[in-house]
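Below: the structure, in structure tokens.
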Amino acid sequence: EKSGYEHFMIKEIHEQPKAVSDTLNSVIKDGMIDLSEVGLSEEEIKEISQIYIVACGSAYHVGVAAQYVMEDLARIPVRVELASEFRYRNPILDPKGLVVIISQSGETADSLAALRESKKQGVKTLGIVNVIGSSIAREADNVYYTLAGPEIAVATTKAYSTQLIAAYTLAIQFAKIRGQITEEQYAGYIEELQSIPEKIQRIIEDKERLQWFASKQVNAKDIFFIGRGIDYAISLEGSLKMKEISYIHSEAYAAGELKHGTISLIEEGTLVIGVLTQPELYEKTLSNMVECKSRGAYLMGLTTFGHYNIEENADFSVYIPKTDPHFATSLAVIPLQLLGYYVSVAKGLDVDKPRNLAKSVTVE
Ligand code: M6R
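In terms of full-length UniProt numbering, the sequence shown opens at residue 249 and continues consecutively.
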């Protein structure tokens, strides 16, 4: 049921404030994170020596963002891996590690195989899963259910957003239990998380501007998304959304890597989307954008309100509400979902069922 929306994808984009707030409400009780349903005890959390996040596609991109947040807040080393690589490389896992498998469907063949490999090695596993009773949910030692509800469009939006929430709440709780943050910081992070649904809502309300911009990009041959740190994680997801449904070739690049290859692809008019939500990295990424511009790139800047000097260089700017930089992915991804969606619509493509793709990849 599309309930009046033209496609499932845009319906699901609109459902994100609710999906995020449902997921938050399932683990936040009286202003505190409660992981009792997930089943990880304080003792177990204290003992984790290493976190391995394993997933595919967008769920892997959640892992890339989660790595920055978990390492920075909880100070636990985190590795992120593609499930299809992990399962065949005979991984060396620390027995005191925690393997986190992220999967909307809970049926992705490579992610399931990675889970089984981890269990075989006797390492504790946690599934972040949306579909109740799915294979990964059944087989993982612990399950954190995201409450996105059924997701129909092949391109994930609301499941991705709830997976981020799962990662943040784990990071904050691990940080607290391991004494890495103060009570005050803990309360502050939780309060900030609770403001995310309303901020997502505000971004969605501004969708017409992105629709207009998207209509100008239908003939683009290549699009590059660049960012550093968490902004790189956002770029990965923005780029996947774009290529998967608009069929425009796009790449995400860690901005500092441009000079090691990609910049040779910049031609007159190539769209480069710079993601700049991390205050400490803002100037660095901006200077990479300027380097692209001097080689002919057409620049879109995606940053937070207040950073208006982006307009001195960017040809088109998009602003998101301020939040704690750890959580910026949740907001910055929204305009990029809308951009991919509207380019696909403007090209008259099958948005919800892009060619050659399936919602759940149950064969390797
Ligand atoms: O069901 P899963 O979360 O395990 O699926 C993983 C990927 O197949 C999925 O995220 C895919 O990349 C999406 N179509 C991206 O929009």
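Using N, Cα and C, we set each Cβ at its ideal position, and we do this for glycine too.
Endpoints, the beta strand (DSSP E) within which residue i is located
i: Gly345; result: First-last for Gly345: undefined, no H or E at that position.
i: Asn273; result: Asn273 -> not in any beta strand (DSSP E); alpha helix (DSSP H) instead, spanning 264 to 275.
i: Ser498; result: 497 to 502
i: Ile293; result: Counting along the chain, Ile293 falls outside any beta strand (DSSP E), though it belongs to the alpha helix (DSSP H) covering 290 to 295.
i: Tyr556; result: No beta strand (DSSP E) contains Tyr556, which DSSP labels as neither H nor E.
i: Leu524; result: 519 to 524
i: Tyr392; result: 390 to 393
i: Ile301; result: 299 to 303
i: Ser565; result: 564 to 568
Contacts around residue i, its chain only, beta-carbon distance under 6 Å, and the 5 residues preceding and following it disregarded
i: Gly517; result: Tyr546
i: Ala419; result: Val317, Met318, Leu321, Ala322
i: Val609; result: Thr356
i: His497; result: Asp470
i: Ile521; result: Phe473, Met548
i: Lys372; result: Leu346, Asp389
i: Leu341; result: Gln369, Val371
i: Lys424; result: Tyr434
i: Val538; result: Asn561
i: Ala468; result: Ile496, Leu519
i: Thr394; result: Thr271, Asn378, Thr410, Gln411, Ala414
i: Ala396; result: Ala267, Asn378, Lys406, Ala407, Thr410
i: Gly375; result: Ile349, Ile384, Ala385, Ala388, Val391
Among the options, nearest to residue i - alpha-carbon criterion
i: Gln459; options: Val566, Lys294, Val268, Glu291; result: Val566
i: Asp572; options: Glu456, Gln433, Ser366; result: Gln433
i: Asp358; options: Arg543, Leu330, Val379; result: Leu330
i: Cys540; options: Glu260, Gln411, Asn561; result: Asn561
i: Leu554; options: Gly544, Glu456, Pro569; result: With the sequence shown as reference, residue 554 is identified as Gly, and Leu is not the correct amino acid for it. Here the closest residue by C-alpha is Pro569.
i: Met490; options: Gln585, Tyr393, Ile511, Pro398; result: Gln585
i: Gly305; options: Glu249, Leu341, Ala403; result: Ala403
i: Glu290; options: Lys464, Arg426, Val302; result: Arg426
i: Thr271; options: Thr417, Glu295, Lys455; result: Thr417
i: Leu524; options: Arg337, Pro325, Leu550; result: Leu550
i: Gly287; options: Tyr392, Val328, Ala303; result: Tyr392
i: Glu601; options: Ile293, Pro398, Ser494; result: What sits at residue 601 in the sequence shown is Lys, not Glu. Closest option to Lys601, Cα to Cα, is Ser494.
i: Val275; options: Ala606, Glu499, Ile413; result: Ile413
i: Ala303; options: Lys464, Gln411, Asn338, Glu285; result: Gln411
i: Lys367; options: His574, Pro339, Pro398, Ser353; result: Pro339
i: Glu399; options: Gln352, Ile376, Gly375; result: Gln352
i: Tyr589; options: Ser297, Glu285, Glu456; result: Glu456
i: Ile296; options: Ile281, Met280, Val326, Glu285; result: Val326
i: Ala594; options: Lys464, Gly544, Ala481; result: Lys464
Inter-residue Cα distance where the pair is residue i and residue j
i: Gln315; j: Lys507; result: 25 Å
i: Leu519; j: Phe564; result: 10 Å
i: Ile299; j: Ala415; result: 12 Å
i: residue 613; j: Ile258; result: Any question about residue 613 goes unanswered here, given that the chain covers just 249 to 612.
i: residue 197; j: Gly436; result: Because the chain is modelled from 249 through 612, residue 197 falls outside the range shown and cannot be assessed.
i: Val466; j: Asp278; result: 48 Å
i: Gly311; j: Thr510; result: 24 Å
i: Ser592; j: Phe256; result: 13 Å
i: Leu283; j: Arg386; result: 18 Å
i: Asn604; j: Glu492; result: 10 Å
i: Lys250; j: Ser535; result: 43 Å
i: Gln421; j: Leu513; result: 43 Å
i: Ser382; j: Asn273; result: 22 Å
i: Gly252; j: Ser542; result: 45 Å
i: Asn378; j: Gln428; result: 29 Å
i: Ile324; j: Leu597; result: 43 Å
i: Ser483; j: Tyr308; result: 13 Å
i: Ser487; j: Leu587; result: 10 Å
i: Ala313; j: Phe461; result: 27 Å
i: Phe575; j: Glu515; result: 33 Å
i: Ile301; j: Ile281; result: 21 Å
i: Val599; j: Glu292; result: 43 Å
i: Arg285; j: Ala500; result: The identity of residue 285 in the sequence shown is Glu, whereas the question assumes Arg. Going by the C-alpha atoms only, they are around 36 Å apart.
Residues near residue i in its chain [Cβ-Cβ closer than 8 Å; skip 5 each side]
i: residue 613; result: Absent from the structure is residue 613, since the part of the chain shown begins at 249 and ends at 612.
i: Ile448; result: Gln264, Pro265, Val268, Ser409, Ser578, Leu579, Ile582
i: Arg476; result: Ala502, Ala503, Gly504, Gln526, Leu529, Lys532, Thr533
i: His262; result: Tyr253, Ile452
i: Ala606; result: Val402
i: Glu612; result: Ser332, Ala357, Asp358, Ala361
N-terminal and C-terminal residue of the alpha helix (DSSP H) that residue i is part of
i: Thr533; result: 530 to 541
i: Leu586; result: 576 to 594
i: Ala385; result: 383 to 387
heavy atom of ligand 2 below 7 Å from residue i C-beta
i: Gly509; result: This structure does not include ligand 2; its bound ligands are ligand 1.
Neighbourhood of residue i by C-beta, 7 Å cutoff - its chain only, sequence neighbours within 5 removed
i: Arg335; result: Asp358, Ala361, Ala362, Glu365
i: Asp479; result: Val523, Leu524, Thr525, Gln526, Leu529, Thr533
4-residue-minimum alpha helix (DSSP H) runs that sit fully inside the stretch 406 to 491, ordered along the chain
Secondary structure within the stretch 406 to 491: the alpha helix (DSSP H) runs of 4 or more consecutive residues, fully enclosed, are 406 to 425, 431 to 442, 444 to 453, 455 to 463 (chain order).
- Taking only runs of the beta strand (DSSP E) that begin and end inside the stretch 309 to 378, which ones reach a length of at least 3 residues, in chain order? Counting whole runs of 3 or more residues, the stretch 309 to 378 contains the beta strand (DSSP E) stretches 326 to 330, 346 to 351, 372 to 377.
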